[in-house]
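Have a look at the structure below, then the notes.
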Amino acid sequence: MRTRVKTKLIIVLLVLVGALVAVTPSLTDALPGWWKKILPSKAVQLGLDLKGGMELLLEVQVEEAVNNALTRYASDLKTVMRDEHIRIRRAETTAFNRLLVEVGRDKYRDEAAAILREEFPGIDVSEESETTLVLSFPEEEITRLQENSVVQALETIRSRVDEFGVSEPTILRQGSRRILIQLPGIEDPQRAISLVKRTAVLKFMIVDEQASVDNVPIGDVVLYGKDYDPATRRVQRTPYVLEDRVLLTGDTIKDARVRYDTQFGRPYVSLEFDKIGARIFEQITAENVNRRAAIVLDDNVYSAPTIRERIAGGAATITGDFTPDEAADLAIVLRAGSLPASVEILQKWTVSPTLGTDSIRKGLMSIAFGFCLVIVFMILYFRFSGIVANIALIMNLVVIMGVLALFQATLTLPGIAGIVLTIGMAVDANVLIFERIKEEQRTGKTVRAAIDAGYSKAFLTIVDANITTLIAALVLFQFGTGSVKGFAVTLTIGVITSMFTAIFVSRTIFEAWLENRSLEKLSI
Amino acid sequence: MDFVKADINYDFIGKKRIAFVLSMLVILLGVGSLFLKGGPLYGIDFAGGTLVQVRFSEAPGIGEVRDVLAEKGMGSAVIQSQGEEAIAVRVKSEEGQSEDISDEIFSIISERFSEQEPSLELVEMVGPQVGSDLRRKGVLSIVYAIVGILLYITLRFQFRFALGAVAALVHDVSITVGVFSVMNIEFTLPIIAAILTIIGYSLNDTIVVYDRIRENIRRHPKDKLAGVVNSSINQTLSRTILTSGTTLLVVFCLFIFGGEVIHDFSFALLVGIMVGTYSSIFIASPVLLLGGKGASAARTSIRQA
């Protein structure tokens, strides 16, 4: 055999073996230990539509993060002004990046402005009317706050999902303020959503016993608690009048665990504060003995127990009508920390694992049927040459799967459709070549000359035709999301590998076959 | 074996008028349908809204489901049957609608039809913002693909050929879109993927014919262009029919066995591949002959290429 043909055969075999090695992990779970050490051992990744699971696209409400930061200034500012004996009638965020401060008397205004400019150099203070000032962040600060809020939300959600125990979650930032979450194989999508979405801002506030809901004094707020009434089987909303001062927030929580009370076995969440939190907690409880402390989570009052005595050691509990799952999730969100701003669900997609399995079955069936039909057709139409094309086609399938596994690309249902389509298109190259060879044979060329001419004349046509498909596939890859991207991936891989198998592999087979044989006419 | 005789010489170019008229009629039909229906019918991903698919041991009647949902104030929900064991419920996204609408729908259905063992199979929720984003991107992607291909063909052949190819593409895309509109099939992301594939595929066919035209012009520089184009179509006819045949074969398998999820997708491919094959013979090549002066200019530059 000529060395050139030998070299080509070796290349073909190497690629085939390489592809088979890459595919093997997808076919079996029982890989020997030495295999995992030296050879690729990752299986083809299945998309959510085949595996089941949930995909969420969230948008962080970054404007809210800016306003939250402003609101924090509002409470600092009140403290500062109290020390300076300037009466503040109100200080609240009235619009995006706009903290309106109203002083008690107009003579205070300039004095207050001067103090604010000195105390808070990072913030713009402007006089609006005789008695009002407006505080706002400069442009760079807004950008920084918004960017931070997305980064922080991403981190928080990631640690919540990690603790929730999802295998192989994907949590990615998309664009400036969006977060994409993929949770394969989760059983209870609703629970996962509430876990991810929960802002989880925990506050300790003091109940104002003197006030009533009908007559809420300035400086108080009304928040509600939800109580389940077993008699009416309804959830009741109980109002609480609270002093509008946050004594302690969830930022200082070191740990949160689910516990069960010894009497009824009901779950509750026990909190442990860090050093600073513990000190503040001790101080609050000391100052407010015999008053009620409301535990407020995301503006819902969970409980408002009476403080019996000063509590040292930095531990607190949250009780409520929890199911064990609810308590577990609450502990997770408290441990992972709060979101800097609320998140909105832009897109939600859940697929049950049964539907996924069904799709895999149907996809494989389509591949099998399409494949068999094409193979039978090629043999009937092109005889011996059809067999050569079929060998190339089978190899193409193996190489596609190998490349998918090697690059850890995700296979989706449209992706399977892409493979099916590639089967049809891969034979196109061989059809082109074979039809050309037929033409050349008719002009009276020898078998070898006809094959040479057929391949060389069809080559550029094949490349041109495939490049246009590639352009379409690349555009699709750029623009597509999720499962559609999977289609672009397999189509791209398929077009490239099919050029190799249909041109190089099939020709090599012909050449090897023709070695030491002289045929009158090629069976084509 | 040969489906097509080697010495076939059918007068395709002579039929170009009939073909143009036929194509125009089909396209107009589609455009008319789009016009009457106020644009294409968008699926969840483009229109925004929520889709809930529930599987049962035996699906309840669509009317029953509609009544149950209407009782709970969801009278605007659209209910579709998905085979004998599943139904799909669709609601538009509305201002102030709760994010949990999918859970509401499922709990209403599972409460009422608990004996038929309902299980939640698929939920898709797309906010209106994302929907319009995707719509814009979808249109853009088709435009980008067409422009990209136009550039590539201009580079490899010349502008006149690119025009012919793009005429065929626009033809294929508008017929596919028209067929979808006439048959009330929804436009979804996978359909855009199918259309892009059709663009690539239709070109594949067109290029094979163009390549042959270019080769024949070089070989027989004295012949009339119309004759050269026609014999090029005839010479590649066998291949065109074979490839379209094998591709249709596999796409047909996808259509039959691929299941509900990709039914419309494979249908789009089916339509597109047939139209694409037709257009590379009857549209892309005859367009090269349009405009007398241009045609002779075309062949001069081809000869030089």
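First to last, the sequence lines map onto chains Y and C.
Numbered per my numbering, the first sequence spans residues 218 to 741.
Numbered per my numbering, the second sequence spans residues -13 to 291.
Every residue gets a Cβ at the ideal spot worked out from N, C-alpha and C, and that includes glycine.
Spell out the partners DSSP gives residue i in its beta bridges.
| i | result |
| --- | --- |
| N432 of chain Y | Y:S429 |
| V277 of chain Y | Y:V560 |
| Q391 of chain Y | Y:R395 |
| F490 of chain Y | Y:I470 |
| N517 of chain Y | Y:Y441 and Y:L514 |
| E110 of chain C | Y:W566 and C:L37 |
| Q262 of chain Y | Y:T627 |
| A553 of chain Y | Per DSSP, none; premise fails for A553 of chain Y. |
| K828 of chain Y | Nothing can be reported for residue 828 of chain Y: it is not among the residues displayed for chain Y, which extend from 218 to 741. |
| M187 of chain Y | This structure gives no information on residue 187 of chain Y, because the portion of chain Y shown stretches from 218 to 741. |
| S105 of chain C | C:R41 |
Here's a check: name, in chain order, each residue in its chain whose Cβ is nearer than 8 angstroms to the Cβ of residue i, leaving out the five neighbours to either side.
| i | result |
| --- | --- |
| R476 of chain Y | P484, Y485, V486, S487 and T534 |
| N365 of chain Y | A282 and P557 |
| S429 of chain Y | V458 |
| R508 of chain Y | I423, V424, E426, T523 and I524 |
| M618 of chain Y | A236, A239, V240, S243 and V261 |
Is there a Cβ of chain Y sitting closer than 9 angstroms to that of residue i, yes or no?
| i | result |
| --- | --- |
| F243 of chain C | yes |
| K123 of chain C | yes |
| G134 of chain C | yes |
| E107 of chain C | yes |
| I248 of chain C | yes |
| A(-8) of chain C | yes |
| A291 of chain C | Caution applies to A291 of chain C, whose pLDDT of 47 falls short of 50 and renders its modelled position unreliable; the model cannot decide the point. |
| A131 of chain C | yes |
| Q115 of chain C | yes |
| A179 of chain C | yes |
| L149 of chain C | no |
Does residue i pass the burial test, meaning 16 or more other C-beta atoms within 10 Å, or should it be called exposed?
| i | result |
| --- | --- |
| L459 of chain Y | buried |
| I122 of chain C | What sits at residue 122 of chain C in the sequence shown is Arg, not Ile. Exposed. |
| D491 of chain Y | exposed |
| Y457 of chain Y | buried |
| P751 of chain Y | Since the first residue shown for chain Y is 218 and the last is 741, residue 751 of chain Y is missing from the structure and cannot be characterised. |
| A529 of chain Y | exposed |
| S735 of chain Y | exposed |
Between which residues of its own chain and residue i is the CB-CB distance below 7 angstroms, once the five residues before and five after are set aside?
| i | result |
| --- | --- |
| W252 of chain Y | S258 |
| Q625 of chain Y | K259 and Q262 |
| A131 of chain C | L182 and I185 |
Does chain C have any CB closer than 9 angstroms to the CB of residue i?
| i | result |
| --- | --- |
| S487 of chain Y | no |
| P406 of chain Y | yes |
| R361 of chain Y | no |
| M618 of chain Y | no |
| E281 of chain Y | no |
| W566 of chain Y | yes |
| Y672 of chain Y | no |
| A545 of chain Y | no |
| Y598 of chain Y | yes |
| T686 of chain Y | yes |
| M595 of chain Y | yes |
| L412 of chain Y | no |
Once you ignore the five residues that flank residue i on each side, which residues in its own chain have a CB closer than 6 angstroms to its CB?
| i | result |
| --- | --- |
| Q391 of chain Y | L397 |
| L693 of chain Y | A705 |
| S217 of chain C | none |
| M298 of chain Y | I305 |
| G244 of chain C | S252 |
Which residues bound the beta strand (DSSP E) around residue i?
| i | result |
| --- | --- |
| M451 of chain Y | As written in the sequence, residue 451 of chain Y is Arg, which differs from the Met given in the question. Residues R451 to E460. |
| S67 of chain C | V64 to S67 |
| T349 of chain Y | T349 to S353 |
| D196 of chain Y | Here chain Y covers residues 218 to 741 and nothing more, so residue 196 of chain Y does not appear. |
| L316 of chain Y | R315 to V320 |
| R225 of chain C | No beta strand (DSSP E) holds R225 of chain C; the alpha helix (DSSP H) holding it covers L211 to F243. |
| V77 of chain C | A72 to V77 |
| E309 of chain Y | I305 to A312 |
| T534 of chain Y | A532 to I535 |
Can you tell me where the alpha helix (DSSP H) with residue i in it begins and where it stops?
| i | result |
| --- | --- |
| M60 of chain C | Taken as a continuous stretch (DSSP letters only), M60 of chain C belongs to no alpha helix (DSSP H), as it is neither H nor E. |
| K2 of chain C | K2 to L22 |
| T183 of chain C | L175 to R205 |
| K674 of chain Y | V664 to F696 |
| A239 of chain Y | T220 to L244 |
Which residues, in chain order, does the region 623 to 645 of chain Y contribute to contact with chain B at a C-beta distance below 7 angstroms?
No chain B appears in the structure shown, which is made up of the protein chains Y and C.
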